[in-house]
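These protein sequence lines map, in sequence, to chains U and F.
Numbering of the first sequence is given in my numbering, commencing with residue 27 and proceeding in unit increments.
Numbering of the second sequence is given in my numbering, commencing with residue 27 and proceeding in unit increments.
Comments concern the structure below.
Number of protein chains: 2
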Amino acid sequence: MENDDVVFVGNKPVMNYVLAVVTQYNGGADIVTIKARGRAISRAVDVAEVARNRFLTDMEVKNIIISTEKVTSERGESNVSAIEIILGKKPE
Amino acid sequence: MENDDVVFVGNKPVMNYVLAVVTQYNGGADIVTIKARGRAISRAVDVAEVARNRFLTDMEVKNIIISTEKVTSERGESNVSAIEIILGKKPE
Numbered sequence: 027m028e029n030d031d032v033v034f035v036g037n038k039p040v041m042n043y044v045l046a047v048v049t050q051y052n053g054g055a056d057i058v059t060i061k062a063r064g065r066a067i068s069r070a071v072d073v074a075e076v077a078r079n080r081f082l083t084d085m086e087v088k089n090i091i092i093s094t095e096k097v098t099s100e101r102g103e104s105n106v107s108a109i110e111i112i113l114g115k116k117p118e
Numbered sequence: 027m028e029n030d031d032v033v034f035v036g037n038k039p040v041m042n043y044v045l046a047v048v049t050q051y052n053g054g055a056d057i058v059t060i061k062a063r064g065r066a067i068s069r070a071v072d073v074a075e076v077a078r079n080r081f082l083t084d085m086e087v088k089n090i091i092i093s094t095e096k097v098t099s100e101r102g103e104s105n106v107s108a109i110e111i112i113l114g115k116k117p118e
């Protein structure tokens, strides 16, 4: 999978990321992966839902993967949850 | 699916919900569904990850479903994202 087809969700407004998903899909990506960690996970779900319900109604959720990643910060190593939501074209 | 096998994640600490999942599983539930809406979605992923990595290592994620629900509040109707994480026993 090329990196262009991944949207990393952070702390910006939901619509910023929805626009990124729409742009990648309209640019020819068959699959768009939405990734997020920690508290941004809720926003990633919002992005997927808004994108497919309002803008890309021919897309569907192909798969959702959750995992745990290790993050090293000033306070030492800690675990953070992560999500990947894979959107793709509905079968015709 | 019986209602006992569903854990609704809200604003309490993650471990409260992990304990609920463990209790239901040890009480005989083959499938435990973790549900959350809005900002609690991130916590629901934490609950699933902590439960299966630390306590119930013979469980795995069977399916994850995201959806949009309509919520009516004082400020009118609004949409909120929701998640269902379905945990079940790994095939032996």
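All C-beta atoms in this analysis are idealised placements derived from N, C-alpha and C, irrespective of residue type, glycine included.
Contact defined as beta carbons within less than 8 Å: I believe residue i pairs with residue j. What is the distance between those atoms, to the nearest angstrom?
i, j, result
"I67 (chain U)", "V71 (chain F)", "5 Å"
"S93 (chain U)", "A77 (chain U)", "Contact flag wrong, Cβ pair sits at about 22 Å."
"Y122 (chain U)", "V73 (chain U)", "The question about residue 122 (chain U) has no answer, for chain U in this structure spans 27 to 118."
"V35 (chain F)", "L82 (chain F)", "No, V35 (chain F) and L82 (chain F) are not in contact; Cβ-Cβ is about 16 Å, not under 8 Å."
"M85 (chain F)", "K115 (chain F)", "6 Å"
With a CB to CB cut of under 7 Å and the five nearest residues on each side skipped, what residues in its chain are close to residue i?
i, result
"V32 (chain F)", "T59, K61"
Taking only beta-carbon atoms, is residue i less than 8 Å away from chain U?
i, result
"G36 (chain F)", "no"
"N42 (chain F)", "no"
"A74 (chain F)", "yes"
"S99 (chain F)", "no"
"L45 (chain F)", "no"
"N52 (chain F)", "no"
"I57 (chain F)", "no"
"I67 (chain F)", "yes"
"T94 (chain F)", "yes"
Can you check DSSP and say which residues form a bridge with residue i?
i, result
"N89 (chain F)", "F:I112"
"V33 (chain U)", "U:I60"
"G102 (chain F)", "F:S99"
Going along the chain, which residues of its own chain have a beta-carbon closer than 8 Å to the beta-carbon of residue i, five neighbours each way excluded?
i, result
"N105 (chain F)", "T94, E95, K96, V97"
Consider the Cβ of residue i: report whether some Cβ of chain F lies at a distance smaller than 8 Å.
i, result
"V32 (chain U)", "no"
"S104 (chain U)", "no"
"A90 (chain U)", "Before going on, a small fix: residue 90 (chain U) reads as Ile here, not Ala. Interface residue, yes."
If you drop the 5 nearest sequence neighbours on each side, which residues of the same chain put their C-beta closer than 6 Å to that of residue i?
i, result
"A55 (chain U)", "D31"
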